[in-house]
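Top line first, the protein sequences correspond to chains A and B.
Per the working numbering, the first sequence runs over residues 894 to 1061.
Per the working numbering, the second sequence runs over residues 2 to 307.
Using N, Cα and C, we set each Cβ at its ideal position, and we do this for glycine too.
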Amino acid sequence: MGRALTRIAHEIVERNKGVKNLALVGIRTAGVPLAKRLQKIIRNIEDVDVPLGELDITLYRDDLAIRKNQPVLKRTDITFHVSDLIVVLVDDVLFSGRTIRAAMDGLMDLGRPAEIQLAVLVDRGHRQLPIRANYVGKNIPTSREENIRVFLEELGDHDRVCKLGSGG
Amino acid sequence: MGLKRKDLLSISSLSPDEISLILEASEPFKEVSGREIKKVPALRGKTVVNLFFEPSTRTRTSFELAAKRLSADVINFSPSSSSVVKGETLLDTARNIESMQADIIVLRHSSSGSAESLARHVRSSVINAGDGWHEHPTQGLLDLFTIKEKKGRLGGLSVAIVGDVAHSRVARSDIHALIKMGVEVRVVGPPTMIPPFIERMGVKVFSNFDDALPGVDVIIMLRLQLERQGRSLFPSMREYAKLYGLNSERVQRTGTDLLVMHPGPINRGVEISHDVADSCQAAILDQVSNGVAVRMGLMYLLSQSQ
């Protein structure tokens, strides 16, 4: 995981030719510690702290009305102006693409970013929307019935990615 | 986890866990009101009807703003401009509104218990925005939210509620809310304004304001309802202001950490002096902005619980 994040950090810096006008926004919950790790690695490369934000997408979900258990609402914490910045959204798993759609809507309500890019630790396929990631830690082919879970130290576990069978 | 109920009718029917849940859910909405684009799509396509049978600007506007910032459609319904003057009953009015597929009905009515009886007959969620002398639960919630925000906690605090407790639905909701969250409550007022047996709610009663001041963290001043019955309950306005008004001398004696609250609209120079109302210890305007956040949180939770 560490090596994948280091590579992503380098790719972000390379693609954007430095860290000028760059900002990282983690999608709650797992995207936040991942964004923090990327910020740390970028600091080691470029010696700059890029702005870091936390985005809660609950209110933008398209399944709010049909979900049985209500998702826990948390706070969006983006203290900088996103307008004219290159914002890199960070999340753990890219699956249907619906979370990213909600995150982009949420971000747009805060301003008009110059560009939105997407970094994910795992891409497991099965997109339901025309969305793709700019930076991928690892592509893990899955069946629809399987489940991918990312465990992180910051969330009280040791770092690992698990593929769980159907119903798991 | 969510709110497992259709309506919000009173604080007395809520559990401490439910109160905590509503306060927690309101927190993120404060940030939304601070944005440039003050809108989130959580209640898109839902309809909220404000059904106000009593005059109210503050509460109605607060509910309207809260619903609009959640992207709901809002209809304001007031009796003077409607079929109520033609003799329609509350229930028939509400059934008509329900037939137009309203998801949430916000009701203010002069009869105690009106929200509860309405909730039993309609499928829409009902939020009590004040029913007679009974309760005004969202005011109780936003007062808790404001105290928690300013003091960092609720449990262990001491709060004085001063004024016409007997005729105040705000006081009733505040007392229930504060007691449930582990706050010590002191009620202060002339005996004509303190309902008998109120000690049974778990509060301490004081008829002398100054006796209630030592060690108090928050003072909630109630509005003297001059248009209702003020006159017969105390000899003169000047005497009331002297004995039960909050002035800077009383504030100074209590301490610099004292938080002063008032549900509004304030009668300057009667229950609260000019300098106190405008001081930095007064959280009166914070209460107003927190009211929008708490009502957003509540409507979000209710819309999810169906």
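*Cα-Cα separation between serine 1036 (chain A) and glycine 990 (chain A), rounded to whole angstroms*: For this step, residue 1036 (chain A) is matched to residue 143 along the first sequence. For this step, residue 990 (chain A) is matched to residue 97 along the first sequence. Here the alpha carbon of serine 1036 (chain A) sits roughly 16 Å from the alpha carbon of glycine 990 (chain A).
*Taking alanine 26 (chain B) as the query, report the chain A residues whose CB atoms sit under 7 Å from its CB, ordered along the chain.*
Locating residue 26 (chain B) in the second sequence gives position 25, where the first residue counts as 1. Within 7 Å of the CB of alanine 26 (chain B), the CB atoms of chain A belong to Leu966, in sequence order along the chain.
_N- and C-terminal bounds of the beta strand (DSSP E) containing leucine 915 (chain A)_ = In the first sequence, residue 915 (chain A) corresponds to position 22, counting from 1. Unbroken beta strand (DSSP E) run through leucine 915 (chain A): 915-920.
*Since I believe isoleucine 105 (chain B) is in contact with leucine 303 (chain B) (beta carbons under 8 Å), could you give me their beta-carbon distance rounded to a whole number of angstroms?*
Translated into positions along the second sequence, residue 303 (chain B) becomes position 302. Translated into positions along the second sequence, residue 105 (chain B) becomes position 104. Indeed, because the Cβ distance is near 6 Å, the residues count as touching under 8 Å.
_Whole-angstrom distance between leucine 22 (chain B) and valine 261 (chain B), CA atom to CA atom_ = Taking the first residue of the second sequence as 1, we reach residue 261 (chain B) at position 260. Taking the first residue of the second sequence as 1, we reach residue 22 (chain B) at position 21. Going by the C-alpha atoms only, they are around 25 Å apart.
*How close, in whole Å, do the beta carbons of valine 983 (chain A) and leucine 927 (chain A) come, if the pair is a contact with beta carbons under 8 Å?*
One-based indexing of the first sequence puts residue 983 (chain A) at position 90. One-based indexing of the first sequence puts residue 927 (chain A) at position 34. About 5 Å; that satisfies the 8 Å criterion.
*Chain-ordered residues of the stretch 996-1007 of chain A with a beta carbon less than 9 Å from chain B*: For the stretch 996-1007 of chain A, which is checked against every Cβ of chain B, the residues closer than 9 Å are Asp998, Gly999, Met1001, Asp1002, Leu1003 and Gly1004.
*Which of helix, strand or coil does DSSP assign to lysine 40 (chain B)?*
Position 39 of the second sequence, counting from 1, holds the residue named residue 40 (chain B). Three-state result, lysine 40 (chain B): coil.
*Report the neighbours of lysine 40 (chain B) on chain A: residues whose CB is nearer than 8 Å to its CB, in chain order.*
Taking the second sequence and counting its residues from 1, the one referred to as residue 40 (chain B) is at position 39. In chain order: Asp1002.
*Beta-ladder partner(s) of cysteine 1055 (chain A), from DSSP*: The residue given as residue 1055 (chain A) occupies position 162 in the first sequence. Checking the DSSP bridge columns, you'll see cysteine 1055 (chain A) partnered with A:Arg1042.
*Compare the Cα-Cα distances from arginine 254 (chain B) to each of B:Gly265, B:Val206 and B:Val217 and report the closest residue.*
Reading the second sequence from its first residue, position 253 is the one you call residue 254 (chain B). Closest in alpha carbon position to arginine 254 (chain B), among B:Gly265, B:Val206 and B:Val217, is B:Val217.
*Of the residues B:Asp8, B:Ser72 and B:Asp18, which one's Cα is nearest the Cα of lysine 39 (chain B)?*
By one-based count along the second sequence, residue 39 (chain B) stands at place 38. Distances from the alpha-carbon of lysine 39 (chain B) to those of B:Asp8, B:Ser72 and B:Asp18 put B:Ser72 closest.
*Output the boundary residues of the alpha helix (DSSP H) element that contains methionine 297 (chain B).*
Here residue 297 (chain B) corresponds to residue number 296 of the second sequence, with the count starting at 1. It spans 285-306 - the alpha helix (DSSP H) in which methionine 297 (chain B) sits, taken as one unbroken run.
*Can you list, in chain order, the residues of the stretch 912-932 of chain A whose Cβ is nearer than 7 Å to any Cβ on chain B?*
Of all residues in the stretch 912-932 of chain A, none has a C-beta nearer than 7 Å to a C-beta of chain B.
_I'd like to know whether the C-beta atoms of asparagine 268 (chain B) and arginine 224 (chain B) end up nearer to each other than 8 Å._
Within the second sequence, residue 268 (chain B) is the residue found at index 267, counting from 1. Within the second sequence, residue 224 (chain B) is the residue found at index 223, counting from 1. Cβ atoms of asparagine 268 (chain B) and arginine 224 (chain B): closer than 8 Å.
_At 4 residues or longer, what runs of the alpha helix (DSSP H) sit wholly inside the stretch 130-210 of chain B?_
Within the stretch 130-210 of chain B, the complete alpha helix (DSSP H) runs of at least 4 residues are 138-152 and 170-181.
*What are the uninterrupted segments assigned as alpha helix (DSSP H) that are 4 or more residues long and contained completely in the stretch 236-266 of chain B, given in chain order?*
Restricting attention to alpha helix (DSSP H) runs no shorter than 4 residues, the stretch 236-266 of chain B encloses them at 238-245 and 249-255, ordered along the chain.
*What is the residue span of the alpha helix (DSSP H) that glutamate 1 (chain B) lies within?*
Since the first residue shown for chain B is 2 and the last is 307, residue 1 (chain B) is missing from the structure and cannot be characterised.
*Would you verify that the beta carbon of aspartate 949 (chain A) is, or is not, closer than 8 Å to some beta carbon of chain B?*
Walking along the first sequence from the start, residue 949 (chain A) turns up at place 56. With respect to chain B, the C-beta atom of aspartate 949 (chain A) has a partner C-beta closer than 8 Å.
*asked:* Please tell me whether leucine 9 (chain B) has its Cβ less than 8 Å away from any Cβ of chain A.
replied: To locate residue 9 (chain B), count along the second sequence from 1; it is residue 8. No, because no Cβ of chain A sits closer than 8 Å to the Cβ of leucine 9 (chain B).
*Cutoff 8 Å: glutamate 150 (chain B) Cβ touching any chain A Cβ*: Locating residue 150 (chain B) in the second sequence gives position 149, where the first residue counts as 1. Contact of glutamate 150 (chain B) with chain A is not assigned, every C-beta pair being separated by 8 Å or more.
_With 16 other Cβ atoms within 10 Å as the buried cut-off, status of glutamate 1046 (chain A)_ = Working through the first sequence from its first residue, we reach residue 1046 (chain A) at position 153. Sixteen is the threshold: since fewer than 16 other Cβ atoms of the shown chains lie within 10 Å of the Cβ of glutamate 1046 (chain A), the residue is exposed.
*Using CA coordinates, which residue listed in A:Ser976, A:Asp1016 and A:His1019 is at the minimum distance from glutamate 1063 (chain A)?*
Because chain A in this structure spans residues 894 to 1061, residue 1063 (chain A) falls outside the shown range and cannot be described.
*7 Å Cβ cut-off: residues of chain B touching threonine 969 (chain A)*: As a working mapping, residue 969 (chain A) is identified with position 76 in the first sequence. One finds Pro29 and Glu32 in chain B with Cβ atoms closer than 7 Å to the Cβ of threonine 969 (chain A), taken in chain order.
*Using a Cβ cut-off of 8 Å (strictly closer), state whether asparagine 291 (chain B) contacts chain A.*
Locating residue 291 (chain B) in the second sequence gives position 290, where the first residue counts as 1. Asparagine 291 (chain B) is outside the set of residues whose beta carbon lies under 8 Å from a beta carbon in chain A.
_Per-residue DSSP class, three states only, for phenylalanine 78 (chain B)_ = Residue 78 (chain B) sits at position 77 when you count from the first residue of the second sequence. Three-state DSSP puts phenylalanine 78 (chain B) in a strand.
*Return the CA-CA distance between glycine 924 (chain A) and leucine 931 (chain A), expressed in angstroms with no decimal places.*
Taking the first residue of the first sequence as position 1, residue 924 (chain A) is located at position 31. Taking the first residue of the first sequence as position 1, residue 931 (chain A) is located at position 38. C-alpha separation (whole angstroms): 10 Å.
*Interface residues of chain A facing alanine 278 (chain B) [CB-CB closer than 9 Å]*: Against the second sequence, residue 278 (chain B) aligns to sequence position 277. Going along chain A, no residue has its Cβ under 9 Å from alanine 278 (chain B), so there is no contact; the nearest lies around 31 Å.
*leucine 917 (chain A) to asparagine 291 (chain B) span [Cα, whole Å]*: On the first sequence, position 24 is the one that residue 917 (chain A) refers to. On the second sequence, position 290 is the one that residue 291 (chain B) refers to. Approximately 30 Å between the Cα atoms of the pair.
*Is the CB-CB distance between alanine 68 (chain B) and leucine 52 (chain B) below 8 Å?*
On the second sequence, position 67 is the one that residue 68 (chain B) refers to. On the second sequence, position 51 is the one that residue 52 (chain B) refers to. No, they are not a contact pair.
*So does the stretch 112-119 of chain B actually touch the stretch 178-196 of chain B, counting three or more Cβ pairs closer than 8 Å?*
These segments do not touch.
*Cβ neighbour criterion (16 or more within 10 Å) applied to phenylalanine 54 (chain B)*: Here residue 54 (chain B) corresponds to residue number 53 of the second sequence, with the count starting at 1. Counting of Cβ neighbours within 10 angstroms places phenylalanine 54 (chain B) among the buried residues, the total reaching 16 or more.
*Can you tell me which of the three DSSP states isoleucine 1033 (chain A) falls into?*
Counting from 1 along the first sequence, the entry for residue 1033 (chain A) is found at position 140. Coil.
_Taking contact to mean 3 or more Cβ pairs, one atom from each stretch, closer than 8 Å, check whether the stretch 1020-1034 of chain A and the stretch 942-953 of chain A are in contact._
The way I'd put it, the stretch 1020-1034 of chain A doesn't touch the stretch 942-953 of chain A; fewer than three beta-carbon pairs between them come closer than 8 Å.
_Would the stretch 169-181 of chain B count as touching the stretch 142-152 of chain B if we require 3 or more Cβ pairs under 8 Å?_
Touching, yes.
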